[in-house]
Amino acid sequence: MAKPQTRFVCQQCGGSFPKWAGRCDACGGWNTLVEEVIRSGPPKSLGKSVLGKTKGPRLTFSSLIGEAQEMPRRVSGIGEFDRVCGGGMVPGSALLVGGDPGIGKSTLLLQVLAALGLGERSAKFRCAYISGEESLDQVRLRAARLRVERAPVELAASTSIRDIAASIDSADGPDVVVIDSIQTMYLDTLDSAPGTVSQVRAAAQELIRLAKERGFCVVLVGHVTKEGVIAGPRVLEHMVDTVLYFEGERGHQFRILRAVKNRYGPTDEIGVFEMTDRGLAEVPNPSALFLADRRNEVNGAAVFAGMEGTRPVLVEIQALVAPPSYGTPRRAVIGWDGNRLAMVLAVLEARCGLQIGARDIYLNVAGGLRITEPAADLAVASALVSSLTLRPVPPDTVVFGEVGLSGEIRQVSQAEARLKEAAKLGFSAALMPRRRGRGAARELEPGLAVRELQHLRQLVAIFGDAPQGSERALSSAGARS
Ligand code: TYD
Ligand code: MG
3 MAKPQTRFVC QQCGGSFPKW AGRCDACGGW NTLVEEVIRS GPPKSLGKSV
53 LGKTKGPRLT FSSLIGEAQE MPRRVSGIGE FDRVCGGGMV PGSALLVGGD
103 PGIGKSTLLL QVLAALGLGE RSAKFRCAYI SGEESLDQVR LRAARLRVER
153 APVELAASTS IRDIAASIDS ADGPDVVVID SIQTMYLDTL DSAPGTVSQV
203 RAAAQELIRL AKERGFCVVL VGHVTKEGVI AGPRVLEHMV DTVLYFEGER
253 GHQFRILRAV KNRYGPTDEI GVFEMTDRGL AEVPNPSALF LADRRNEVNG
303 AAVFAGMEGT RPVLVEIQAL VAPPSYGTPR RAVIGWDGNR LAMVLAVLEA
353 RCGLQIGARD IYLNVAGGLR ITEPAADLAV ASALVSSLTL RPVPPDTVVF
403 GEVGLSGEIR QVSQAEARLK EAAKLGFSAA LMPRRRGRGA ARELEPGLAV
453 RELQHLRQLV AIFGDAPQGS ERALSSAGAR S
């Protein structure tokens, strides 16, 4: 018998190489190549008919205009989850829920299944939870802790795709199936070990095909590696309809479910949960939670009025500008992009004349949220200038706006929604970009004193020109330490 042909497949990007190497040439990942058996034989060509045309049945093309059906949704009643899915799960769709181990994926999905099964706020659905990681007793214990042990969820512990497919492939099968996790599943027709790219890909393909055929929703749980990609199956992201990431800092009780891809709804939508001793609790008003520990009148803190998907979220940005230490200045950023921080610092230095570049800088987004919007630039700049000058940002003020390289402050989307949320939470003032065009005439939130800025210099002027004072304070702070 011929020796089976093997290739070395990168477990991160799926790139395949004839030889092992320490580093994947395709994605640059270290130590990611694993030997996998591949099916031999070149692919056959489609073949031509006697007339020289490609053989096969013809497709009937249709036009874009036509009756499109409204998607029926499977609504769980857990509002934060349903919204991130775009208003509920769509029958026949595949979801991928990624996240670090221990972040709460199994907990969340068990709660969602229980809610779907009980159907308190919508129709009841038949749900199945298939665990490849935990024993039935472990799942039952968790259910008891979550107080959902009476919910009609069908449990199974299995890692064989063949067994799973045989059990759910029937007309009266479940409506929603959770596979926890896809990395533990294996298909016995493949030779590679469970968890390898080819196994994960084939297992997912099989389940997704079945879901489309039978019309159930399949939810695949995927672990995330240290680098922040779903282990191995980057390829999986392309195969499923919706990719949700469950994230959060270990030390914080907040958990954020983020849609990064959704064929049936908006992306960038987030759902906020709090981990309690009875599982995950919804946080319908995250701004109040993120601002709960805020103290007014401290320097180095600014409240950013951000947008997460369709929802405004207010969050505190904290900066600490410390006297320079020896060598290269330190930069530590949590919850924001380090490159954008470098840009804002450079603009403050070059366009506003602040001596800030040589200092150590620490930036933190309070509450464990991760911000990706450029609209946070102005709030970051405010926190930085406030920390440098030792003067607090004007009280009860929210800040938003993008900063350009010449120091100009650029407009951002959905200013009205941001201001509305700020007014709702009791803020009385806002620093924002100057409006132009049609939006400029529109009346803004009445309860807010809005200050429109055009250039970063105007922001710096709000804090007064007190670098000398700060110099003294900084050196005394340095002397103390
Ligand atoms: P889990 O859902 O097992 O994480 P994942 O499936 O993503 O690996 O989450 C387990 C963590 O959640 C664990 O550290 C304990 C914590 N937890 C609570 O704090 N309260 C609870 O009610 C439950 C069930 C778990
Ligand atoms: Mg788990």
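The numbering used here puts the sequence shown at residues 3 to 483.
Beta carbons: idealized from backbone N, C-alpha and C, even for Gly.
Quick one: does the C-beta of Ile133 sit closer than 7 angstroms to a heavy atom of the ligand TYD?
-> The sequence given here has Ser at residue 133, not Ile. No.
Could you tell me if the beta carbon of Asp139 falls within a distance shorter than 7 angstroms of some heavy atom in the ligand MG?
-> Checking the Cβ of Asp139 against the ligand MG gives no.
Return yes when at least one heavy atom of the ligand MG lies under 7 angstroms from the C-beta of Lys107, else no.
-> Indeed, a heavy atom of the ligand MG lies less than 7 angstroms from the Cβ.
Would the C-beta of Met277 count as close to the ligand TYD, meaning under 7 angstroms from any of its heavy atoms?
-> Result yes, Cβ under 7 angstroms from the ligand TYD.
Provide the residue span of the beta strand (DSSP E) that contains Ala244, from first to last.
-> Strictly speaking, residue 244 in this sequence is Thr, with Ala absent from that position. Counted as a single uninterrupted DSSP element, the beta strand (DSSP E) harbouring Thr244 occupies residues 244-249.
Does the ligand MG have a heavy atom nearer than 7 angstroms to the CB of Asp182?
-> True, at least one ligand heavy atom lies under 7 angstroms from that Cβ.
Have a look at Ala28, Leu48, Arg123, Leu110 and flag the residue whose alpha-carbon is nearest the alpha-carbon of Val180.
-> Closest option to Val180, Cα to Cα, is Leu110.
So does Gly90 have its beta carbon nearer than 7 angstroms to some heavy atom of the ligand TYD?
-> Incorrect: Gly90 has no Cβ contact closer than 7 angstroms to the ligand TYD.
How about Glu271 and Arg85: are their beta carbons less than 8 angstroms apart?
-> Taking a C-beta distance under 8 angstroms as the contact criterion, Glu271 and Arg85 qualify as a contact pair.
Consider the C-beta atom of Leu148 and the heavy atoms of the ligand TYD; say whether any pair is separated by less than 7 angstroms.
-> Correct: Leu148 has its Cβ closer than 7 angstroms to the ligand TYD.
Report back the beta-carbon spacing between Ala2 and Leu143 to the nearest angstrom; my notes put them in contact at under 8 angstroms.
-> No information on residue 2 is available, as it lies outside the stretch 3 to 483 that the chain covers here.
May I ask you to list the residues that DSSP assigns as paired with Met277?
-> Note: Met277 sits in a beta bridge opposite Leu282.
How should Tyr328 be labelled, buried or exposed, when 16 other C-beta atoms within 10 angstroms of its C-beta is the threshold for buried?
-> Label assigned to Tyr328: exposed.
Within the same chain, show all residues whose beta-carbon is closer than 7 angstroms to that of Pro397, passing over the 5 residues directly before and after it, in chain order.
-> Contacts found: Asn298, Glu299.
Name the one or two DSSP bridge partners that Ser18 has.
-> According to DSSP, which records beta bridges pairwise, Ser18 is partnered with Val11.
Could you tell me the distance, in whole angstroms, from the CA atom of Arg203 to the CA atom of Asp102?
-> Here the alpha carbons of Asp102 and Arg203 stand approximately 20 angstroms from one another.
Where does Ala117 sit, in a helix, a strand or coil, going by DSSP?
-> Looking at Ala117 - three-state DSSP - the assignment turns out to be helix.
According to the neighbour-count rule (16 or more other Cβ atoms, all chains shown, within 10 Å of its Cβ), is His225 buried or exposed?
-> Note on His225: 16 or more other CB atoms within 10 angstroms of its CB, so buried under the neighbour-count rule.
What does a CB cutoff of less than 7 angstroms around Glu122 pick up in its chain, not counting 5 residues either side in sequence?
-> Result list for Glu122: Gly79, in chain order.
Bridge partner(s) assigned by DSSP for Pro435 = Leu455, per the DSSP bridge assignment.
With C-beta atoms as the reference, is Ser384 less than 8 angstroms away from Leu433?
-> Going by beta carbons, Ser384 and Leu433 fall inside the 8 angstroms limit.
Look at the alpha carbon of Ala424 and the alpha carbon of Gly439, and state the distance between them as a whole number of angstroms.
-> The straight-line gap from Cα to Cα measures roughly 24 angstroms.
Selection from Gln460, Gly337, Val305 that minimises the alpha carbon distance to Leu421 = Closest option to Leu421, Cα to Cα, is Val305.
Three-way DSSP call (helix, strand, coil) for His254 in this model = In the structure shown, His254 sits in coil (DSSP, three-state: anything other than H, G, I, E or B).
Pairing CB atoms from the stretch 68-76 with CB atoms from the stretch 88-101, are three or more of them under 8 angstroms?
-> Yes, the stretch 68-76 is in contact with the stretch 88-101.
When every heavy atom of the ligand TYD is checked, does at least one fall within less than 7 angstroms of the C-beta of Arg142?
-> For the ligand TYD, not one heavy atom lies less than 7 angstroms from the Cβ of Arg142.
Might you give, ordered along the chain, the residues of its own chain that have their beta carbon closer than 6 angstroms to the beta carbon of Val220, omitting 5 neighbours on each side?
-> The residues are Ala96, Val179, Leu209, Ala213.
Whose C-beta lies closer than 8 angstroms to the C-beta of Gln255 among residues of the same chain, with five residues either side of it excluded?
-> Counting only Cβ-Cβ distances below 8 angstroms, and skipping sequence neighbours, we find Glu276, Met277, Thr278.
Can the beta-carbon of Leu350 be found closer than 8 angstroms to that of Ile363?
-> Not closer than 8 angstroms, so no.
Report the rounded CA-to-CA distance for Val387 versus Arg25, giving the unit in angstroms.
-> The C-alpha of Arg25 is placed about 42 angstroms away from the C-alpha of Val387.
Nearest CA to the CA of Leu458: which residue from Ala360, Arg353, Arg361?
-> Each of Ala360, Arg353, Arg361 was checked against the Cα of Leu458, and the nearest Cα belongs to Arg353.
Check Glu69 in the structure and name its three-state DSSP category.
-> Three-state result, Glu69: coil.
How many angstroms separate the CA atom of Gly370 from the CA atom of Asn287?
-> A straight-line Cα-Cα distance of about 16 angstroms links Gly370 and Asn287.
For Phe292 versus Leu322, is the C-beta spacing smaller than 8 angstroms?
-> Going by C-beta atoms, Phe292 is not nearer than 8 angstroms to Leu322.
Could you pull out every unbroken beta strand (DSSP E) segment of at least 3 residues lying fully inside the stretch 293-353, listed in chain order?
-> As far as the stretch 293-353 is concerned, its whole beta strand (DSSP E) runs of at least 3 residues are 303-310, 313-324, 333-336.
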